[in-house]
Amino acid sequence: MGATNCPETPRQKMIAMMYLVYTALLALNVSVEILNGFVTVGDAMNESNKNIETQLNEAYGLFQDAMRADSVKTVKYYEAAMTIKEHTDSLKALIDEGRFGFLCYMQKTAEVVKHNSDKTTMKRKIPLQDGSGNFLLDSARVALDLGGLDIVAKKDNTDMGTHFFYDEGKGKAIDIKNAIIAYKEKISKIFQDTNITHDTIDVNFGMDVESEFWSSHAGRMVSWEEYNFDGAIAVADIVCLSRMKSELMNAEYDAIKKLFGMIGKDDFKFDQIAAICRPTSSYVIQGGKYEMKVNVGAYDSKREFRAVINGAEYKSGADGSITYTAGAGAPGERKVHGVVYMMKDGKEEQYPFDESYFVAAPVAVTELVKMNVVYAGIDNPASIGVPGVASKDITPTITTGNATIVKDAGDGNYIIKPTKIGKMSLKVMAKIDGQTKDMGTKEIRIKRIPKPSLRIGSFKSGDQVSKAEITANPVLRASMEDFDFQIPALKINTFTFNVQGSGALDLNGTGNRLTPEMISRINNAKRGQKIYITDVTVKTPDGATHSLDCTLRLK
10 MGATNCPETP
20 RQKMIAMMYL
30 VYTALLALNV
40 SVEILNGFVT
50 VGDAMNESNK
60 NIETQLNEAY
70 GLFQDAMRAD
80 SVKTVKYYEA
90 AMTIKEHTDS
100 LKALIDEGRF
110 GFLCYMQKTA
120 EVVKHNSDKT
130 TMKRKIPLQD
140 GSGNFLLDSA
150 RVALDLGGLD
160 IVAKKDNTDM
170 GTHFFYDEGK
180 GKAIDIKNAI
190 IAYKEKISKI
200 FQDTNITHDT
210 IDVNFGMDVE
220 SEFWSSHAGR
230 MVSWEEYNFD
240 GAIAVADIVC
250 LSRMKSELMN
260 AEYDAIKKLF
270 GMIGKDDFKF
280 DQIAAICRPT
290 SSYVIQGGKY
300 EMKVNVGAYD
310 SKREFRAVIN
320 GAEYKSGADG
330 SITYTAGAGA
340 PGERKVHGVV
350 YMMKDGKEEQ
360 YPFDESYFVA
370 APVAVTELVK
380 MNVVYAGIDN
390 PASIGVPGVA
400 SKDITPTITT
410 GNATIVKDAG
420 DGNYIIKPTK
430 IGKMSLKVMA
440 KIDGQTKDMG
450 TKEIRIKRIP
460 KPSLRIGSFK
470 SGDQVSKAEI
480 TANPVLRASM
490 EDFDFQIPAL
500 KINTFTFNVQ
510 GSGALDLNGT
520 GNRLTPEMIS
530 RINNAKRGQK
540 IYITDVTVKT
550 PDGATHSLDC
560 TLRLK
């Protein structure tokens, strides 16, 4: 459906009509052509939903502009719009949970096939369940974004959707239906608030889940959930949810457009004019461009104005705004100063403004999924970043687990120091457009430091050495093999020494050096005899105690 302020385009009307036609054809034999038709309609709906999402972002941007121009007049409408957005995002997430969860319920993996322009084919298999059978909803979202409804393996299956969504009135569709009803009540209540409006305002919700519908299959009037999901083919179930999401976003757009229209509704004249500067982003990748929309609050789009920005003069265009563009060269903060000149009461008034943006070097985010490990008892260096956000606006914290995190030298560098084996949760918060947002929590395993190995000089157990090589550097050391972390030197207090076949008693050593008597035994030994160093005990920073030994053969 289309909102009053967002009428349906011919394309959207065509998609809705095709959906009804294909739903009616379910009563007939489900041919390959019909299944492919559902795939086409569903993929078209998903693309249409992305376009609606863009329109919504632009609409919310208008609220932010109005807040900058006159926050006193705008704030109650802005807060109501943010409440609508919060309720809508929650319902969208539930609908998406149904789409993605149903895909995971139907199949354990999804195969995405892409045909390239060079006539090659790329195939990618995406898991939809983990080893325990838990649904991987994010993986399902990625699979549908990449492959569309072609990835659905059992498009014509009618049993799985019936069980998952309907289940005699106990399935997932009931949760969605109840949430839609509650959503309508919440949004209607906002417009019934006399602090918002004294007029009667109706929102074009669509999403008719309360009515009953005639089912030729059942021969009676049935509920929304039974009509849409009992006996429907799997691909139609997913398309139905995409349609509900489309109607939801159109309702959201209708609601916030009506709210925006209330701002200044009772004003008869403007007594204040403020410059409005809306950058497309305050964080720019090096080599890109910084772009900013500049206009005047409560302005007449037909009236021209001019502005001087960083020394260059601009004039407003047909849309009543100025577009300022600057190159993004070396990394760092950039300042933008300007003055808007606007005719008021027969003379040109000045409205200065100042903005800033941050140019960042290009950054790639790489995650080794199986290597989310830190080691107890030592400093674990970590680099933490959020694409598009300056490191100064990022705050990581340890929410669970025995560990601390502190800032290290350099942008985005931190030191994580766990104290106990197990797991920890790392939460990252980022300040974006003046608001602190949760960017997610990552579970990280805390492991023990690997067991060290014992060496005599530079020789490890199993090596063949000459008498001269071992007596030249008769020092014992416990070393970490192939371990890239810096740890304090491991202290050796005592050890036991002997030479194979010497017939002598073991010699006990203190510290980490061979005694003169031990060196004498080595010098008196014969080729092929073994040197034994045993009973070495060291303690690693994670608190673990390790027993080490080393055996060398004389050559």
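Numbering (this note's numbering), first residue to last: 10 to 564.
Where a beta carbon is used, it is the ideal one built from N, C-alpha and C, also for glycine.
Taking all protein chains in view, the Cβ of residue 96 is crowded by 16 or more other Cβ atoms within 10 Å, so the residue is classified as buried.
By the Cβ test, the region 420-427 is not in contact with the region 512-531, since fewer than three Cβ pairs between them sit closer than 8 Å.
Membership of residue 108 in the alpha helix (DSSP H) is indicated by the continuous run 80-115.
When secondary structure is reduced to three states using DSSP, residue 172 falls in the helix class. The region 219-230 makes no contact with the region 118-136, as fewer than three CB pairs between them are under 8 Å.
For residue 512, there is no enclosing beta strand (DSSP E), as DSSP marks it with neither H nor E. Excluding residues up to 5 positions away in sequence, 175, 178, 224, 227 lie with their Cβ nearer than 8 Å to the Cβ of residue 235 in the same chain. For residue 122, the three-state secondary structure derived from DSSP is strand. In this structure, residue 539 lies near residue 560, with their beta-carbon atoms less than 7 Å apart. DSSP places residue 194 in the uninterrupted alpha helix (DSSP H) bounded by 181-201. Pairwise C-beta distances place the region 149-157 in contact with the region 117-136, as three or more of them are shorter than 8 Å.
Taking 7 Å as the cut-off, the beta carbon of residue 551 is found closer than this to the beta carbon of residue 385.
In this structure, residue 411 lies away from residue 432, with their beta-carbon atoms at least 7 Å apart. Under DSSP, the beta-bridge partners assigned to residue 463 are 487. In this structure, 314 is the residue among 314, 387, 322 with its C-alpha nearest to the C-alpha of residue 357. Membership of residue 244 in any beta strand (DSSP E) is not indicated; the residue belongs instead to the alpha helix (DSSP H) covering 243-271. In the structure shown, residue 325 falls within a coil segment according to DSSP collapsed to helix, strand and coil.
When C-alpha distances from residue 94 are compared across 343, 299, 259, the shortest belongs to 259.
Between the alpha carbons of residue 231 and residue 413 lies a gap of roughly 58 Å. When DSSP states are grouped into helix, strand and coil, residue 458 belongs to the coil group. In this structure residue 212 is buried. Its beta-carbon is surrounded by 16 or more other beta-carbon atoms within 10 angstroms.
Looking at the backbone, the Cα of residue 218 and that of residue 233 are separated by about 5 Å. Along the length of the region 207-231, whole beta strand (DSSP E) runs at least 3 residues long occupy 222-224, 229-231, reported in chain order.
Contact annotation: the region 459-468 touches the region 481-489, with at least three C-beta pairs closer than 8 Å. Residue pairing by DSSP places residue 351 opposite 358 in a beta bridge. Closest option to residue 527, judged by alpha-carbon separation, among 507, 543, 519: 507. The beta-carbon separation of residue 330 and residue 345, rounded to 15 Å, does not stay under the 8 Å limit for a contact. Assigned with DSSP and collapsed to three states, residue 146 falls in helix. Between residue 435 and residue 454, the alpha-carbon positions lie close to 11 Å from each other. In this structure, the CA atom of residue 64 is about 8 Å from the CA atom of residue 262. By the neighbour-count criterion, in which 16 or more other beta carbons inside 10 Å mark a residue as buried, residue 256 falls on the buried side.
Assigned with DSSP and collapsed to three states, residue 73 falls in helix.
Burial check for residue 229: the Cβ neighbour count within 10 Å stays below 16, so the residue is exposed. For residue 476, there is no enclosing beta strand (DSSP E); the enclosing alpha helix (DSSP H) covers residues 476-481.
Rounded to whole angstroms, the gap between the alpha carbons of residue 368 and residue 66 is 23 Å. Scanning its chain for C-beta atoms nearer than 8 Å, with the 5 sequence neighbours on each side dropped, one finds around residue 547 the residues 461, 487, 499, 500, 501, 554, 555, 557, in chain order.
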